[in-house]
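Line by line, the protein sequences give chains L and E. Residues in the first sequence are numbered consecutively from 0, following numbering that gives the first Met the number 0. Residues in the second sequence are numbered consecutively from 0, following numbering that gives the first Met the number 0. Glycine included, each C-beta is placed from N, C-alpha and C at the ideal position. Please read all numbers here as calculations on a predicted model, not as lab measurements. Data block below; observations after.
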Amino acid sequence: MTASAPVSVSASGLSLCYGGTRALDNVSLRLTRGVTGLLGPNGAGKTTLLRVLATAVPADRGAFTVLGHDPATARGRQEVRRQLGYLPQTPGLHLDFTPFEFVDYVAILKELTDRAARHQEVRRVLGEVDLADVRGKRIKKLSGGMRQRVALAAALVGDPGFLVLDEPTVGLDPEQRMRFRELIAAAGESRTVLLSTHQTEDVAMLCHRVLVMAGGRIRFDGTPAELSARAAGRVWSSSERDPGAKAGWRTGTGTFRNVGDPPEGADLLEPTLEDGYVLTLDGDRAEVTA
Amino acid sequence: MTWHVAEDDLRAYARGELAPPLLWSADTHLAACADCRALLAEAWDPVALDAAWERLDAELDAPRPSLFERLLVRLGMADHTARLLAATPVLRRSWLTAVVSLLAVSVLTARSGHSTTTFLAVAPLLPLAGVALSYGPVLDPTHEMAVVSPMHGFRLLMIRTVAVLVAVLGLSGAAALALPAYGLDALGWLLPALALTATGLALTPRLGPVLAPSVTGGAWVALLLAAHAYRTGADQVLVPFTAAGQGAAAAVAVLAAGLLLLVRDRFDLSPSGAR
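Structural data, given as structure tokens:
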């Protein structure tokens, strides 16, 4: 993705206070086509940001547009919603419905009222998430991974241009997570996808860009390689845990992997995206306590 | 054959765009005219034909709707509205069973105790609770998805409200028929029911989907207790069920409905705030 790629989602100065907590603090961002990862610890404001961009809650301050539409007006909000696919953190499913019935229900909410065309679209998205064979089975009889795919199919129905996915891989086993990554990558080929996750591997494998949030603010905005590069020269190996390290743990080989400010002559290691993420958050903590 | 279907009409027929009565005329004629059938075959767009087969295939592939949905469609409801109602939690069997049980108990109390007060007090609370539970994050697991959908939240609310009102008011009406000795007095719950439901909905954007119906229901119970405390005789009808009380209930219903219309856009956002 080049820097000149057309911007599909643009936000400026988004702020939102909730119960005395500043959940979003002057957040600005620009998203382009492809998958953008959103990393951050619990309480960082990731879900709040996604809910604001999905038009579920309005921001106290700031503005944003999605594919040229401004949700500040009722008409603009409806246009944004027509372009939106949203998979909430805990997607509610009607467990007594079949996947077909559930996705059909969401398709109706998305204004697909023509029965034949709607059923055709439902069949298409169920095929896309590989659930065609269980389309007539009750959702309560499906595995967690399958249920998550039902929710993804519901988000994909109507072919939205902007897909908001809030921690879709939580609770999935490695095989299911891999399958889900394939689906998200495929969805990102023709759409703008904002993916909130705790899994740095998801970001490393899927995303052309990553945002790191903490304390309601964007602390990093760049490519996964740039986030990893933040830890260049700051990851080293030692036989004992280095007390000066910000973080350190024994690896499978028996040596310690330390992240922080290395001592002189340290045995430097190649940094990973997680190292860069840890150091970014550590910088944030230092800023907060300063 | 003395006439044939015009070529433009044949193309429109092939695209499925020919409207009655020309459509009926073309149908009848094509059944008898080989020349026009041959022209129709030429006019048929193979891409459109494939798309039509795909749509037909998808239609045949769709699972059979539930009994409830089939019943609603039989009653003349559009299939998409029936699907929306099938996803309404309070129209499930468990909720309706609870409503029937409550009504049965209050009717039996009226028949044995020679007073309709319990029935008249309980019946207005049922649609209030039913409507409150039909829209919102409390019972609807898909509430957040519904909020961010292009369908206006108020429209979905009204579809579900009307369905719940029809179901609950119908059951309450049937219960009132089981009290023939009280005549029209047994319908004294109807206007309070509409007033409470409209008030609960109108307050929802400000108080939230739990507090608004709770406050409204609590106010109704407090009003009945106050009326009970200040009545002058044991046989005296409680004020809310007198003509004056019914008039007040009608006025409240109208005012609340007006307020509801004014705040309708507020149903377009999630009430649960940030997370």
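Integer-rounded CB distance, given that residue j should sit under 8 angstroms from residue i
{"i": "valine 121 (chain L)", "j": "valine 102 (chain L)", "result": "5 angstroms"}
{"i": "threonine 171 (chain E)", "j": "alanine 122 (chain E)", "result": "Strictly speaking, residue 171 (chain E) in this sequence is serine, with threonine absent from that position. Confirmed, Cβ separation roughly 5 angstroms."}
{"i": "glycine 135 (chain L)", "j": "threonine 97 (chain L)", "result": "5 angstroms"}
{"i": "glycine 84 (chain L)", "j": "leucine 162 (chain L)", "result": "4 angstroms"}
{"i": "leucine 182 (chain L)", "j": "glycine 144 (chain L)", "result": "11 angstroms between Cβ atoms; not a contact."}
{"i": "threonine 199 (chain L)", "j": "glutamate 110 (chain L)", "result": "That pair is no contact at about 38 angstroms."}
{"i": "leucine 151 (chain L)", "j": "valine 34 (chain L)", "result": "With 8 angstroms as the limit, leucine 151 (chain L) and valine 34 (chain L) do not qualify as a contact, their Cβ atoms being about 13 angstroms apart."}
{"i": "alanine 42 (chain E)", "j": "arginine 10 (chain E)", "result": "5 angstroms"}
{"i": "leucine 52 (chain L)", "j": "valine 8 (chain L)", "result": "7 angstroms"}
{"i": "valine 238 (chain E)", "j": "alanine 249 (chain E)", "result": "About 15 angstroms separates the two Cβ atoms, so there is no contact after all."}
{"i": "threonine 196 (chain L)", "j": "glutamate 166 (chain L)", "result": "6 angstroms"}
{"i": "glycine 18 (chain L)", "j": "histidine 142 (chain E)", "result": "20 angstroms between Cβ atoms; not a contact."}
{"i": "threonine 254 (chain L)", "j": "serine 236 (chain L)", "result": "5 angstroms"}
{"i": "arginine 80 (chain L)", "j": "serine 148 (chain E)", "result": "6 angstroms"}
{"i": "leucine 124 (chain E)", "j": "tryptophan 219 (chain E)", "result": "7 angstroms"}
Extent of the continuous beta strand (DSSP E) to which residue i belongs
{"i": "lysine 45 (chain L)", "result": "Counting along the chain, lysine 45 (chain L) falls outside any beta strand (DSSP E), though it belongs to the alpha helix (DSSP H) covering 45 to 52."}
{"i": "aspartate 307 (chain L)", "result": "In the structure as shown, chain L begins at 0 and stops at 289. Residue 307 (chain L) is therefore absent and cannot be evaluated."}
{"i": "alanine 122 (chain E)", "result": "Looking at the DSSP string, alanine 122 (chain E) is not in any beta strand (DSSP E), and its letter there is neither H nor E."}
{"i": "cysteine 32 (chain E)", "result": "Unbroken run through cysteine 32 (chain E): none, as it is neither H nor E."}
{"i": "valine 6 (chain L)", "result": "6 to 17"}
{"i": "glycine 259 (chain L)", "result": "255 to 259"}
{"i": "arginine 134 (chain L)", "result": "Where arginine 134 (chain L) is concerned, there is no enclosing beta strand (DSSP E), given that its DSSP letter is neither H nor E."}
{"i": "threonine 191 (chain L)", "result": "191 to 195"}
{"i": "leucine 155 (chain E)", "result": "First-last for leucine 155 (chain E): 152 to 176, but that is the alpha helix (DSSP H), not the beta strand (DSSP E)."}
{"i": "phenylalanine 161 (chain L)", "result": "161 to 165"}
{"i": "leucine 210 (chain L)", "result": "208 to 213"}
{"i": "arginine 249 (chain L)", "result": "244 to 249"}
{"i": "valine 234 (chain L)", "result": "234 to 237"}
Contact set for residue i: own chain, Cβ-Cβ below 6 angstroms, skip 5 residues either direction
{"i": "alanine 71 (chain L)", "result": "none"}
{"i": "aspartate 220 (chain L)", "result": "Leu210"}
{"i": "alanine 81 (chain E)", "result": "Glu68, Leu71 and Val72"}
{"i": "proline 159 (chain L)", "result": "Gln82, Leu83 and Gly84"}
{"i": "alanine 153 (chain L)", "result": "Val102 and Val105"}
{"i": "aspartate 78 (chain E)", "result": "Val72"}
{"i": "tyrosine 12 (chain E)", "result": "Ala25"}
{"i": "valine 262 (chain E)", "result": "Pro204"}
{"i": "histidine 68 (chain L)", "result": "Gly75, Glu78 and Val79"}
Cβ shell of residue i (< 8 angstroms), same chain only, five flanking positions each side left out
{"i": "histidine 93 (chain L)", "result": "Glu100, Phe101, Tyr104 and Ile138"}
{"i": "serine 11 (chain L)", "result": "Ser27, Gly61, Ala62 and Phe63"}
{"i": "leucine 83 (chain E)", "result": "Leu155, Ile158 and Arg159"}
{"i": "valine 251 (chain E)", "result": "Ala194, Ala197 and Thr198"}
{"i": "aspartate 8 (chain E)", "result": "Leu17, Leu21 and Ala25"}
{"i": "leucine 141 (chain L)", "result": "Pro98, Val133 and Val149"}
{"i": "alanine 230 (chain L)", "result": "Val258, Pro270, Thr271, Asp274, Gly275, Val277 and Leu278"}
{"i": "methionine 0 (chain L)", "result": "Residue confidence is low: methionine 0 (chain L) scores 45 on pLDDT, short of 50, so the model does not pin down where it sits. No coordinate-derived value is stated."}
The alpha helix (DSSP H) enclosing residue i, as first and last residue numbers
{"i": "valine 185 (chain E)", "result": "Looking at the sequence provided, one finds alanine at residue 185 (chain E) rather than valine. Alanine 185 (chain E) -> no alpha helix (DSSP H), and no H or E assigned at all."}
{"i": "leucine 254 (chain E)", "result": "242 to 261"}
{"i": "valine 202 (chain L)", "result": "199 to 205"}
{"i": "serine 227 (chain L)", "result": "223 to 228"}
{"i": "alanine 77 (chain E)", "result": "Neither: alanine 77 (chain E) is in no alpha helix (DSSP H) and is coded neither H nor E."}
{"i": "phenylalanine 266 (chain E)", "result": "Counting along the chain, phenylalanine 266 (chain E) falls outside any alpha helix (DSSP H), and DSSP gives it neither H nor E."}
{"i": "tyrosine 134 (chain E)", "result": "No alpha helix (DSSP H) holds tyrosine 134 (chain E); DSSP gives it neither H nor E."}
{"i": "proline 173 (chain L)", "result": "173 to 187"}
{"i": "glycine 42 (chain L)", "result": "Looking at the DSSP string, glycine 42 (chain L) is not in any alpha helix (DSSP H), and its letter there is neither H nor E."}
{"i": "glutamate 120 (chain L)", "result": "114 to 127"}
{"i": "leucine 9 (chain E)", "result": "6 to 13"}
Residues near residue i in its chain [Cβ-Cβ closer than 7 angstroms; skip 5 each side]
{"i": "alanine 106 (chain L)", "result": "Arg117, Glu120, Val121, Val156 and Gly157"}
{"i": "proline 40 (chain L)", "result": "Ala213 and Leu280"}
{"i": "arginine 76 (chain L)", "result": "Thr54 and Pro70"}
{"i": "glutamate 239 (chain L)", "result": "Phe255"}
Closer than 6 angstroms: residue i CB and nearest the ligand NAP heavy atom
{"i": "leucine 29 (chain E)", "result": "The model depicted lacks the ligand NAP and carries no ligand whatsoever."}
Interface residues of the stretch 134 to 149 of chain E facing chain L [CB-CB below 9 angstroms]: Result list: Pro136, Asp139, Pro140, Thr141, His142, Glu143, Met144, Ala145, Val146, Val147, Ser148 and Pro149.
The stretch 77 to 88 of chain E: positions lying closer than 8 angstroms to chain L by Cβ: Ala77, Asp78, His79, Arg82, Leu83, Ala85 and Ala86
Members of the stretch 200 to 230 of chain E that neighbour chain L once the beta carbon cut-off is set at 7 angstroms: Here the close residues number zero.
Chain-ordered residues of the stretch 102 to 113 of chain L with a beta carbon less than 7 angstroms from chain E: Identification of residues in the stretch 102 to 113 of chain L having a C-beta nearer than 7 angstroms to some C-beta of chain E yields Asp103, Tyr104, Val105, Ile107, Leu108, Lys109, Glu110 and Thr112, given in sequence order.
Complete alpha helix (DSSP H) runs within the stretch 44 to 107 of chain L (minimum length 4 residues, chain order): 45 to 52 and 73 to 81
Against chain L: residues of the stretch 13 to 47 of chain E by CB proximity under 7 angstroms: Within the stretch 13 to 47 of chain E, not one residue has a Cβ closer than 7 angstroms to any Cβ of chain L.
Selection of the stretch 254 to 270 of chain E by Cβ proximity to chain L, strictly under 8 angstroms: Contact annotation: in the stretch 254 to 270 of chain E, residues whose CB is within less than 8 angstroms of a CB in chain L are Asp264, Asp267, Leu268 and Ser269.
Every unbroken alpha helix (DSSP H) inside the stretch 204 to 237 of chain E [4 residues or more]: 210 to 229
Interface residues of the stretch 182 to 212 of chain L facing chain E [CB-CB below 7 angstroms]: none
Within 9 angstroms of chain E by C-beta, residues of the stretch 39 to 54 of chain L in sequence order: Here the close residues are Gly44, Thr46, Thr47, Arg50, Val51, Ala53 and Thr54.
Chain E contacts from the stretch 61 to 78 of chain L (Cβ-Cβ distance under 9 angstroms): Ala73, Arg76, Gln77 and Glu78
Residues of the stretch 153 to 169 of chain L with Cβ closer than 8 angstroms to any Cβ of chain E, in chain order: Ala153
Residues within the stretch 9 to 39 of chain L neighbouring chain E, beta-carbon criterion of under 9 angstroms: Listed in sequence order: Leu15, Cys16, Tyr17, Gly18, Thr20, Ala22 and Leu23.
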